[in-house]
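Once you know that position 113 of the sequence shown is 113 in the UniProt record's numbering, the rest is easy, because the numbers rise by one and skip nothing.
All C-beta atoms, glycine included, are put in the ideal place defined by N, C-alpha and C.
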Amino acid sequence: MRPMQERLAGLYGHAKRYLVDGGFNKHEDIEWAASQGIKVYGPPANSKHGSDPYAPRPEDGPGMAAWRRRMKSLHGKSVYKRRAPGECINARFRNWGLRQFTVRGREKVLTVLRWFALANNVLAGHRLLAQAA
């Protein structure tokens with residue numbers, strides 16, 4: 001997560017919040033983000049021992065403890081739920097074969113993405129019309 005945050009900060013400036021997938025919220029990254037003033041929202045790892053993933057642990061630093069409190073709160077859980085629509089469209093595009101671009105250049109890549117977006121919107125419109133009928 002840290003290399004991604006540093007690159008994005010160089011391109012777009014520092015973000016105040018990051019919404020990450022489960023594989024990207026490692027302890028050291030969450031501590032680093034907290035030291036930079038960044039709030040991380042991501043799911044806790046499933047405990048192998050059945051313990052509460054939100055309970056503070058002795059090895060937690062201040063950033064990790066704050067992350068556990070944040071993700072235990074209703075606000076933290078509602079923020080993390082916002083990730084679902086984006087994941088759905090990403091999965092749909094992968095199922096349609098958009099795994100790797102076969103074109104070069106920013107304009108051509110954007111054109112391919114626009115075609116996928118148009119196809120998605122047409123299919124969504126068709127589905128909504130069928131539901132309304």
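Is residue i near residue j, with beta carbons less than 8 Å apart?
{"i": "G22", "j": "A45", "result": "yes"}
{"i": "P62", "j": "A33", "result": "no"}
{"i": "R92", "j": "N120", "result": "yes"}
{"i": "Y41", "j": "R69", "result": "no"}
{"i": "R104", "j": "L19", "result": "no"}
{"i": "A15", "j": "I38", "result": "yes"}
{"i": "M64", "j": "H27", "result": "yes"}
{"i": "N25", "j": "M1", "result": "yes"}
DSSP three-state label for residue i, please.
{"i": "R17", "result": "strand"}
{"i": "V79", "result": "helix"}
{"i": "V40", "result": "strand"}
{"i": "N95", "result": "helix"}
Span of the beta strand (DSSP E) holding residue i?
{"i": "K26", "result": "Per DSSP, K26 belongs to no beta strand (DSSP E) and is neither H nor E."}
Need the endpoints of the alpha helix (DSSP H) that residue i sits in, please.
{"i": "R57", "result": "Unbroken run through R57: none, as it is neither H nor E."}
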